[in-house]
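For the record, the sequence lines run as chains A and B. When the letters of the first sequence are read in order and numbered with my numbering, they come out as residues 15 to 165. When the letters of the second sequence are read in order and numbered with my numbering, they come out as residues 13 to 277. All residues carry an ideal CB built from backbone N, CA and C; glycine is no exception.
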Amino acid sequence: MLGLRPVVLVSMFAAMAAATPAWAQTAPAVPFTVVDDAIPQPLTLTPGDATRGRALALDRSKGNCVTCHELPLRADFQGDLGPPLAGVADRYSIGELRLRVVDSKRINPESNMPSYHRIDGLTAVRSDWAGRPILTAQEVEDVLAYLMTLR
Amino acid sequence: MGKVAGLTLGGAALAAGLALAQGGAPEPQRAIPDPQSGRHFATPETLAIQDDDFQNPAMLWAEEGEAAWSRVEGTAGQSCASCHNDGTQTMRGVRARMPAYHARLNRVVTLEQQINICRTERMGAPALPVDSRPLNAITTYVALQSRGMPVNVDISGPARPFFDAGERFYNTRRGQLDMRCGSCHEDNYGRSLRADLLSQGMSNGFPTYRLKEQRVISLQFRLQGCVNDVRGEAPPMGGEEFTNLEFYLAWRAQGLPVESPSVRR
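In structure tokens form, the structure reads like this:
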């Protein structure tokens with residue numbers, strides 16, 4: 015089923031959202047192209063910011079990556095549902111990491127890792143989150159900039 | 013269970029045939045064949061509170077429930093004790109076999125709902141609000157009478173469609189995080205979700221005293237929390253969906269001792 019999903023996701027709001035950063039919070043997913051096992055092109059024109067990305071990875075209401083992954087930083091508690099992310103930039107290209115953050119179910123349909131930039135195919139989403147991705151396109155790029163520091 | 017009766021009549025094939033003839037489905041398979049109670053995943057500190065009745069704060073709820081047991085309420089001038097006499101005798105085993113199919117209502121009812129059915133239909137008293145202190149108190153008192161008895165709900169016959177609905181709810185990925193109950197409680201028990209050690213999500217300790225809430229909570233309050241955590245829209249407590257889910261959870265915990273009132277962080 016997942017394999018049949020169109021490779022390019024287009025939403026009519028995407029262009030508007032990119033032009034109007036204030037709307038980014040409520041914007042649906044932006045379009046992207048999957049090539050093999052990766053999304054080679056950045057989702058936004060503004061390069062990701064690793065410092066912001068690190069904060070997003072720790073923020074419960076945002077990436078909250080540390081809930082499931084061990085990160086090479088000091089935190090009171092780190093989860094272990096997924097693999098530790100130390101050295102992840104040595105194992106994957108940025109494009110491969112982008113696909114894993116945007117929609118890891120395209121790689122493993124049974125994955126328990128949330129798709130951070132997908133809004134379709136979800137069931138009973140709480141109304142305060144419905145219709146928008148967990149991370150905006152810019153936030154995805156910020157998280158990726160942080161992941162690229164993990165060598 | 014029904015299967016055992018069929019086998020004594022001469023083999024699995026006959027058992028299956030009987031089940032089908034009665035409109036029954038094949039025996040469901042448990043993802044976790046030998047379940048472990050939540051106490052297995054709790055810290056020694058938490059267990060010390062649970063295991064000492066003088067320390068376990070839930071015993072306060074049990075005492076309130078005991079007092080309510082023989083208190084006359086409602087237009088019929090009756091109390092629980094008017095029909096059920098000494099609760100320490102008549103309520104033994106009740107927690108272990110509920111939720112159960114209710115023939116007249118043609119649905120599954122939880123222990124809480126049965127208490128409210130008695131109140132409205134027999135006592136002429138108003139139903140107690142779901143997850144309220146007085147309802148949790150009576151539930152805790154009743155549950156306490158089954159402590160140590162193995163969970164043993166009957167999912168056969170007309171109960172089966174309600175069980176199946178609960179199983180479907182359990183296995184449906186939901187919420188913005190797109191997880192099913194088993195994403196945490198089957199695929200990842202024993203692992204850490206930040207500060208939480210994931211258990212198998214067994215229901216045999218409920219009602220439970222939750223240290224975080226500083227009160228006794230009902231199972232369905234916990235379920236709302238789990239659905240909320242995946243940013244899912246939680247169905248109402250006391251409604252059909254959670255009731256069927258609670259029925260399914262009881263079957264998952266089949267054989268585990270009733271541990272209500274447990275203590276959880």
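For ligand 2, any of its heavy atoms closer than 6 Å to the Cβ of residue i?
i                     : result
residue 182 (chain B) : Inclusion of ligand 2 in the displayed structure is not the case, the ligand content being empty and no account of it being possible.
Check for me: the alpha helix (DSSP H) holding residue i runs from which residue to which?
i                     : result
residue 168 (chain B) : Taken as a continuous stretch (DSSP letters only), residue 168 (chain B) belongs to no alpha helix (DSSP H), as it is neither H nor E.
residue 150 (chain A) : Element bounds for residue 150 (chain A): n/a, residue is neither H nor E.
residue 71 (chain A)  : 64-72
residue 153 (chain B) : 145-156
residue 52 (chain B)  : Counting along the chain, residue 52 (chain B) falls outside any alpha helix (DSSP H), and DSSP gives it neither H nor E.
residue 112 (chain A) : 108-117
residue 112 (chain B) : Run containing residue 112 (chain B): none in the alpha helix (DSSP H); it sits in the beta strand (DSSP E), 112-114.
residue 56 (chain B)  : 56-63
Apply the 10 Å Cβ neighbour rule to residue i and answer buried if 16 or more other Cβ atoms are within range, or exposed otherwise.
i                     : result
residue 256 (chain B) : buried
residue 207 (chain B) : exposed
residue 95 (chain B)  : exposed
residue 167 (chain A) : It is not possible to answer for residue 167 (chain A), since the shown part of chain A is limited to 15 through 165.
residue 83 (chain B)  : exposed
residue 141 (chain A) : exposed
residue 61 (chain B)  : buried
residue 20 (chain A)  : Only weak support exists for where residue 20 (chain A) lies, its pLDDT of 38 falling under 50; the value from the coordinates is given anyway. Answer is exposed; the Cβ neighbour count stays below 16.
residue 181 (chain B) : buried
residue 155 (chain A) : buried
residue 121 (chain A) : exposed
residue 56 (chain A)  : buried
residue 144 (chain B) : exposed
residue 62 (chain A)  : buried
residue 115 (chain B) : exposed
residue 91 (chain A)  : exposed
residue 48 (chain A)  : buried
residue 75 (chain B)  : exposed
residue 38 (chain B)  : exposed
residue 122 (chain B) : buried
residue 153 (chain A) : buried
residue 235 (chain B) : buried
residue 1 (chain B)   : Because chain B in this structure spans residues 13 to 277, residue 1 (chain B) falls outside the shown range and cannot be described.
Tell me, please, whether the CB atom of residue i is closer than 7 Å to any CB atom in chain A?
i                     : result
residue 189 (chain B) : yes
residue 204 (chain B) : yes
residue 207 (chain B) : yes
residue 215 (chain B) : no
residue 195 (chain B) : yes
residue 57 (chain B)  : no
residue 186 (chain B) : yes
residue 200 (chain B) : yes
residue 243 (chain B) : yes
For residue i, which residues in the same chain have their Cβ closer than 8 Å to its Cβ, ignoring the five residues on either side in sequence?
i                     : result
residue 173 (chain A) : Any answer about residue 173 (chain A) is impossible in this case: the structure gives chain A only from 15 up to 165.
residue 149 (chain A) : 70, 76, 77, 115, 130, 131 and 157
residue 184 (chain B) : 192
residue 138 (chain B) : 86, 131 and 132
residue 51 (chain A)  : 110, 113 and 121
residue 53 (chain A)  : 46, 47, 109, 112, 113 and 116
For the beta strand (DSSP E) containing residue i, list its first residue and its last residue.
i                     : result
residue 274 (chain B) : 274-276
residue 120 (chain B) : 119-121
residue 260 (chain B) : Where residue 260 (chain B) is concerned, there is no enclosing beta strand (DSSP E), although the alpha helix (DSSP H) it sits in stretches over 252-264.
residue 229 (chain B) : 227-229
residue 83 (chain A)  : Neither: residue 83 (chain A) is in no beta strand (DSSP E) and is coded neither H nor E.
residue 12 (chain B)  : Nothing about residue 12 (chain B) can be reported from this structure: the residues present for chain B run from 13 to 277 only.
Under a CB-based cut-off of 7 Å, is residue i close to chain B?
i                     : result
residue 134 (chain A) : no
residue 73 (chain A)  : no
residue 77 (chain A)  : no
residue 117 (chain A) : no
residue 139 (chain A) : yes
residue 95 (chain A)  : yes
residue 126 (chain A) : yes
residue 81 (chain A)  : yes
residue 46 (chain A)  : no
residue 121 (chain A) : no
Can you name, in chain order, every residue of its own chain whose Cβ lies under 6 Å from the Cβ of residue i, other than the five neighbours on each side?
i                     : result
residue 72 (chain A)  : 80
residue 219 (chain B) : 148, 151, 152, 228, 230, 272 and 273
residue 50 (chain B)  : 211, 214 and 217
residue 160 (chain B) : 269
residue 69 (chain B)  : 221
residue 186 (chain B) : 244
Within a Cβ cutoff of 7 Å, which residues of the same chain sit near residue i, ignoring the five residues on either side of it in sequence?
i                     : result
residue 108 (chain A) : 158 and 162
residue 163 (chain B) : 108, 216, 262, 265, 266, 267, 268 and 270
residue 33 (chain B)  : Legend: pLDDT at residue 33 (chain B) = 45, less than 50; position of this residue unreliable, value from coordinates given subsequently. There are no such residues.
residue 134 (chain B) : 88, 90 and 95
**Prompt:** Per the contact definition of three or more C-beta pairs closer than 8 Å, is the region 90-108 of chain B in contact with the region 240-260 of chain B?
**Reply:** no
**Prompt:** Per the contact definition of three or more C-beta pairs closer than 8 Å, is the region 60-74 of chain A in contact with the region 113-126 of chain A?
**Reply:** no
**Request:** Would you check if the region 79-94 of chain A and the region 155-165 of chain B touch, i.e. whether three or more CB-CB distances between them fall below 8 Å?
**Result:** no
**Request:** Kindly confirm or deny that the region 197-207 of chain B and the region 266-273 of chain B touch, where touching means at least three C-beta pairs closer than 8 Å.
**Result:** no
**Prompt:** Between the region 114-134 of chain B and the region 50-69 of chain B, do three or more beta carbon pairs fall short of 8 Å?
**Reply:** no
**Message:** I want to know whether the region 167-180 of chain B touches the region 248-264 of chain B - three or more CB-CB distances under 8 Å.
**Reply:** yes
**Message:** Under 8 Å, with one C-beta from each stretch per pair, do the region 209-216 of chain B and the region 40-52 of chain B reach the 3-pair mark?
**Reply:** yes
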